[in-house]
Amino acid sequence: MPDTTFADVGDALGTSRQAAEQRFGHVRHGKKVAAVISRRDRVREDPADPHGAYGEVGDAGQYTSDRGIWPIGKRVRAEAQYAIVAVDGLVRRVYELDPDGWSEVESSKWEFTAVGNRELTKDEIDAAYEAGNLPLRPGDDCPTRAGGAYRPHWF
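Take the sequence shown: its position 5, counted from the start at 1, is 5 in full-length UniProt numbering, and no numbers get skipped.
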């Protein structure tokens with residue numbers, strides 16, 4: 001049943017969607033993964049956040065905001081090559097992830113380091129997409145899904 005969702009599996013087993021995906025996700029996922037960050041086009045100030053502000057802060061602060069503090073699991077940290085940032089349902093930025101650049105900021109919450117501490121250029125994005133290593137490019141639809149601003153995208 002290709003239209004069966006993890007919510008359907010969770011309902012059938014009497015568990016949550018998240019529990020069903022965690023237990024059986026490997027069955028339906030592709031072999032590659034990207035970290036997807038979805039947000040609204042706004043800025044939030046949070047004095048408790050080590051970054052001070054997050055969201056679409058723009059300019060030099062955008063990379064710091066995008067690195068974020070995300071609940072990214074061990075497998076995704078080990079396997080993801082790219083972080084994709086979507087704003088209001090459209091991909092805006094892509095970063096190549098430094099595989100040794102993950103830092104645990106809070107218990108089970110991580111921030112990434114991008115190769116070169118920058119987002120990728122259009123040519124770099126196009127090359128990764130054409131090679132099958134990147135599932136989405138700037139301008140592509142990437143709707144926010146329930147459950148938070150971060151999600152793994154298996155392809």
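Here a beta-carbon is modelled for each residue, glycine too, at the ideal position from N, C-alpha and C.
Span of the beta strand (DSSP E) around residue i
i, result
"A34", "V33 to R39"
"W110", "K109 to E111"
"R44", "V43 to E45"
Own chain residues within Cβ distance below 7 angstroms of residue i, not counting five before or after
i, result
"A7", "R17"
"G139", "L90 and V91"
"L136", "I84, V91 and C142"
"A80", "V33, A34, A35 and L97"
"S108", "P71"
When the options are compared against residue i, the one with the closest alpha-carbon
i, options, result
"Y129", "F155, E106, E104 and T144", "F155"
"residue 205", "T4, V43 and A34", "Nothing about residue 205 can be reported from this structure: the residues present for the chain run from 1 to 155 only."
"D59", "Y150, T144, R118 and D126", "R118"
As assigned by DSSP and simplified to three states, the class of residue i
i, result
"R151", "strand"
"R17", "helix"
"D140", "coil"
"R92", "strand"
"I125", "helix"
"residue 156", "Since the first and last residues shown for the chain are 1 and 155, residue 156 lies out of range."
"S103", "strand"
"R118", "coil"
"A78", "helix"
"A86", "strand"
Close-in-space but distant-in-sequence residues of the same chain around residue i (CB under 8 angstroms, 5 per side omitted)
i, result
"W110", "I69, W70, P71, I72, R77, W102, S103 and E104"
"A114", "Y63, R67, A83, Y95, E96, L97, D98 and G101"
Alpha-carbon to alpha-carbon, residue j and residue i
i, j, result
"P152", "G116", "22 angstroms"
"E106", "N133", "29 angstroms"
"V94", "V43", "19 angstroms"
"F112", "K31", "21 angstroms"
"R39", "K122", "21 angstroms"
"D126", "T144", "23 angstroms"
"V87", "R75", "25 angstroms"
"A19", "D11", "10 angstroms"
"Q22", "L120", "30 angstroms"
"E124", "A131", "11 angstroms"
"V57", "A149", "16 angstroms"
"G14", "G61", "43 angstroms"
"V9", "A48", "38 angstroms"
is_contact[residue i, chain D] using C-beta, thresh 9 angstroms
i, result
"E45", "This model lacks chain D altogether, as it is built from one protein chain only."
Enclosing alpha helix (DSSP H) for residue i [first to last residue]
i, result
"R67", "G61 to R67"
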